[in-house]
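Take the sequence shown: its letters are residues 27 to 678, numbered as in the working numbering.
Don't be surprised by glycine CBs; every beta carbon is placed ideally from N, CA and C.
What follows is a set of notes on a single structure, which appears directly below.
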Amino acid sequence: MKRINLMNLPRRGVTPLLEEEGKFRAIFGKDGGKIQLICPADLAYRYLVVDTTVEAEHSVALELNFFNPGADEFKLGYRFGLLPGLKTRVCIDLALIDSRTIFTPRTPGTLKMVVHGNRMEPDEVDKIEFGIHPCVDDVTLLLEDAYLSDEMPTEFPIPEGKYVDEFGQWTGRDWPGKIHTEEELRESLLALRQNGKPLATRTKWGGEAARKLCEGKGFFKTLKTPDGRWHLVDPDGYEFYSLGVDCIRPGDNPRIDQYPTLCELPPEPWASMCGDERFIRYTEANLRRVFGEDWKAAFREISENVLLEGGWNTVANWSDEIFRTGEKRLPYVWQPDIFPTTELKIFRDFPDVLSEEYQKDAIRRAEALREAKDDPWQIGYFLRNEPEFAFVPNLLIADEAIRNPADSACKRGILQKLEEKYGDIAALNAVWGSGFASFEEIGEQRAGIETRFPGAKADLKELSVYLVEAYVGIPSKACRGVDPNHLNLGMRWAVANSPEQVAGWQNFDVFSLNNYSFDPTPLMNFAVGCGVDLPLMIGEFHFGALDRGLPATGLKGTASQTDRAKALRGYIEKAAAHPNAVGVHWFQFCDQNIAGRFDGENYQIGLVDVALRPYPEMMVASRESAMALPGVKNGELPAFDEPFEEIPMIGY
27 MKRINLMNLP RRGVTPLLEE EGKFRAIFGK DGGKIQLICP ADLAYRYLVV DTTVEAEHSV
87 ALELNFFNPG ADEFKLGYRF GLLPGLKTRV CIDLALIDSR TIFTPRTPGT LKMVVHGNRM
147 EPDEVDKIEF GIHPCVDDVT LLLEDAYLSD EMPTEFPIPE GKYVDEFGQW TGRDWPGKIH
207 TEEELRESLL ALRQNGKPLA TRTKWGGEAA RKLCEGKGFF KTLKTPDGRW HLVDPDGYEF
267 YSLGVDCIRP GDNPRIDQYP TLCELPPEPW ASMCGDERFI RYTEANLRRV FGEDWKAAFR
327 EISENVLLEG GWNTVANWSD EIFRTGEKRL PYVWQPDIFP TTELKIFRDF PDVLSEEYQK
387 DAIRRAEALR EAKDDPWQIG YFLRNEPEFA FVPNLLIADE AIRNPADSAC KRGILQKLEE
447 KYGDIAALNA VWGSGFASFE EIGEQRAGIE TRFPGAKADL KELSVYLVEA YVGIPSKACR
507 GVDPNHLNLG MRWAVANSPE QVAGWQNFDV FSLNNYSFDP TPLMNFAVGC GVDLPLMIGE
567 FHFGALDRGL PATGLKGTAS QTDRAKALRG YIEKAAAHPN AVGVHWFQFC DQNIAGRFDG
627 ENYQIGLVDV ALRPYPEMMV ASRESAMALP GVKNGELPAF DEPFEEIPMI GY
């Protein structure tokens, strides 16, 4: 173990308030103040440990960033969140600079931690900075007892005090709409169960009753009109723009094992009914307190009422299965467990896609679609969500298959393709600028081919397309064999970095992207520019603010609920104006809990709060956009574009 002296640390944008050998308290500037807490030589150790207190009224995104020599931008970084005012033992695994892991395991007290950027070797790191991600204001941090070690700490102490009340709300703040008593909870939930009026201009499926585009096929289908615009059509042939909401379920349940002293439990018997040693289900407990055993039916009716009143027409991904059963009021999309994998991974979650194991697993998993293959209320299915390998900018998966030491089917397939193309290793060496004695020797490389042999890049791109096409094509074919009725909605890519990454799009009916921005148009244009000639669907987007009941905004921040509502209208309508767009899905229905969902997100991103109370500004905005959508979609009305105040995100 090596103790870290916290005195006289190199810094930028940081104003020290207290400097002692084992304690450092300072104001970190809102533009992203940083200190050099450790140096490259410290990467000989496995873990960095530091007790950290955020002295602020909101959560903060902290960063540990790694730089190449002379670089102004970091090549790889860790970003993680902490609760305000809570002294937390932070433990960072320095081995993760290999970038093979993106989402790190939580330790008690911390929120979500994510690894961003490209892999690094310890000997290429020139500088390491620790500090805050750009924030809405300056932040005071207290750092104590920092050290390096090859062993994780055995204890992660959590101070006493309640951050979460019996209804699942933050105790540290009051706000308009906060529930204070069980009677307030009862009145609110009973009223929500009674209200909910759909737009009178819509078909029973949520399509536009005044715009019939074709004869109905009995299921949702895609259509490209002569003006070049893509559309969805409902089972009766009417234009349908999918305005959806993700995660319509009874709340995000906080991990009480991460914060054993911070959560006030609901009174009995609801605490025992709605919790275990890891999670507490506050929203379910609230519903049971009011509706008893009828709580799940009540939740369904409340949720459907909120959606219909807000002009939404789609139950989107990860929503409760109750919306796929019984008498339906809204169409749905879903993502059953249909995407295949293999025991061997090439890089992060990318399977050995050329293996027989991958083929067999695709056929086996596709059977999950059979149960709903004849349901006309199903719009379609997503194959999976946000492949982790694709988060790495400009990644060439063929390069990763070569450098992975395993004897994979992908590696064998790559070498076979190269031998078929060049025939002779000397011909390959002439193009690559390499000196391999055989094609087999290429497969023995443990350092990246792309960086060592620039002449190989064109081949690596071509081979990466070959692998990605197998990655998406094999499961798509298997799914189509089980369910030919519904739309294949694609992969929900988190980012679109290159044409190589979006290869295989021809297997989909709809190309889906998750896009956290205020304007989805640039990303949609990028996809089209990569050759994608399909309808486009945004699977996730959101904006949060700090003026209600949570200390973090999520991945896009606005100054208030009013600004948030304006941003919502702008996003929905700018997307609809794009000729390829057929839908956008908001992430998510309920606010997250202050103590964090399973992975530690604690964002104010709901259409409703943790007590299921709708945000009125958002309800008005979504309904107004829903009424404008037919005109915007068909070029008859301009998209909403009023200015709003953006703030730096607090997200991890």
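Between G135 and L169, the beta carbon gap of about 15 Å keeps them out of contact (Cβ cut-off 8 Å). Using a C-beta cut-off of 8 Å, the region 148-164 makes contact with the region 77-91, since at least three inter-stretch Cβ pairs fall below that distance. Here DSSP, grouped into helix, strand and coil, assigns P480 to helix. A distance of 7 Å or more separates the beta carbons of W458 and A473. At the C-beta level, I428 and A504 stay beyond 7 Å of one another.
If you look at M299, you'll find it in the alpha helix (DSSP H) that goes W296 to M299. Going by beta carbons, T133 and F182 fall inside the 7 Å limit.
E330 is classed as buried because its beta carbon has at least 16 other beta carbons within 10 Å across all chains shown. Considering only C616, V536 and R574, the residue with the shortest C-alpha distance to V359 is V536. A Cβ-Cβ distance of about 4 Å is found for the pair L32 and F50, placing them in contact under the 8 Å criterion.
Taking a contact as a CB-CB distance under 8 Å, the pair F544 and A603 does not count as one, their CB atoms being some 14 Å apart. If you draw a straight line from the Cα of E643 to the Cα of R595, it is about 11 Å long.
Contact annotation: L422 and L486 have beta-carbon atoms nearer than 7 Å. For I676 and T579, the gap between their C-alpha atoms comes out near 5 Å.
Residue T340 holds the alpha-carbon nearest to the alpha-carbon of G233 among Y173, A621, T340 and I282.
Between K138 and E627, the C-beta gap is smaller than 7 Å, which places the two residues in contact. In the structure shown, S543 adopts coil according to DSSP, grouped into three states. Residues of the same chain with a CB within less than 6 Å of the CB of A392, apart from the 5 flanking positions on each side, are I364, A504, C505 and V508 in chain order. Taking all protein chains in view, the Cβ of H512 is crowded by 16 or more other Cβ atoms within 10 Å, so the residue is classified as buried. A direct Cα-Cα distance of roughly 55 Å separates N619 from E445.
Spatial neighbours of W196 in its own chain (CB-CB distance under 8 Å, excluding positions within 5 residues in sequence) are listed in chain order as Y189, V190, G575, L576, P577 and I620. Nearest C-alpha to A553 among L581, E310, G107 and S524: S524. In chain order, L112, K113 and T287 place their CB closer than 8 Å to the CB of P185, counting only its own chain and leaving out the 5 sequence neighbours on each side. Sequence-distant Cβ neighbours of A607 in its own chain, meaning closer than 6 Å and more than five residues away, are L562 and A601. Restricting attention to beta strand (DSSP E) runs no shorter than 3 residues, the region 488-558 encloses them at 537-540, ordered along the chain. Taken in chain order, the whole alpha helix (DSSP H) runs of length 4 or more contained in the region 277-331 are 296-299 and 308-317. A straight line joining the alpha-carbon of T584 with that of V162 spans about 10 Å.
Distances from the CA of P357 to each of S345, Y542 and T368 were compared; the closest alpha carbon is that of S345.
In the structure shown, A427 adopts helical secondary structure according to DSSP, grouped into three states.
The C-alpha of A82 is placed about 47 Å away from the C-alpha of E662. Counting only the Cα atoms, C300 lies some 20 Å from E327. D260 has its alpha-carbon roughly 8 Å from the corresponding atom of K243. Distances from the alpha-carbon of W256 to those of D559, T368, A654 and E566 put D559 closest. DSSP places G232 outside both helix and strand once states are collapsed to three, so it counts as coil. Per DSSP, the continuous alpha helix (DSSP H) segment holding N455 begins and ends at I451 to W458. Under the three-state reduction of DSSP, A416 is assigned to helix.
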